[in-house]
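Counted from 1, the sequence shown has number 128 at position 128 by full-length UniProt numbering; the numbering is strictly sequential.
Notes for the one structure printed next.
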Amino acid sequence: MSQVKQNDAVKVHYTGKLEDGQVFDSSVERGEPIEFTLGQGQLIPGFEDGLIGMEVNEKKTINIPKEEAYGEPKAELIQEVDKNQLPEELKPEVGMPLVSKSPDGREINLVVTEVKDDSIVVDANHPLAGKDLIFDLEVLEIK
């Protein structure tokens, strides 16, 4: 029986959870497994490392510390923005997602974390930064 190794293309079902059991993503619920090639940096390191050595139809639960997931939140990715820089029709609320464009044209996903009288505070950190993650994995295919 072959085992998953670096540079293999795999098809995997997964359910990602936080330590409190809250599910944040699941290919099982979408009904569509993910396909990717290990070693190309497409997924967080801890996810790929957890698949190494697994066989087809094997199921396993892995714990990924934040250092092998999205790391710690970075203070420089939290900024205060004057409300006069926002579109007039925008009524910001805490938790609201926003998209900004960087000078080179890349889209940056932000979340409003605070609304003040004349400004808002936005956070560009990944929503899972600073969190340890748990994944239930099932290898469906090794190519």
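Each residue gets a CB set at the ideal place from its N, CA and C atoms; glycine is no exception.
A contact is defined here as three or more CB-CB pairs under 8 Å, and the stretch 118-125 meets this definition with respect to the stretch 76-86. In the structure shown, Glu-138 falls within a strand segment according to DSSP collapsed to helix, strand and coil. Beta-carbon to beta-carbon, Leu-128 and Ile-62 are separated by about 15 Å, too far to satisfy the 8 Å threshold. In the three-state scheme derived from DSSP, where H, G and I count as helix and E and B as strand, Gly-16 is classed as strand. For the options Lys-60, Pro-92, Glu-72, Gly-71, the alpha carbon positioned closest to that of Val-81 is the one of Pro-92. Exclusion of the five residues before and after Ile-78 leaves Asp-123 as the residues of its chain whose Cβ lies within less than 6 Å of its Cβ. The Cβ atoms of Ile-52 and Lys-101 do not sit closer than 8 Å to each other. Leu-38 sits buried, since 16 or more C-beta atoms from the chains shown fall within 10 Å of its C-beta. Straight through space, the alpha carbons of Lys-116 and Phe-135 are spaced by roughly 37 Å.
Per DSSP, the unbroken beta strand (DSSP E) holding Leu-110 starts and ends at 107-115.
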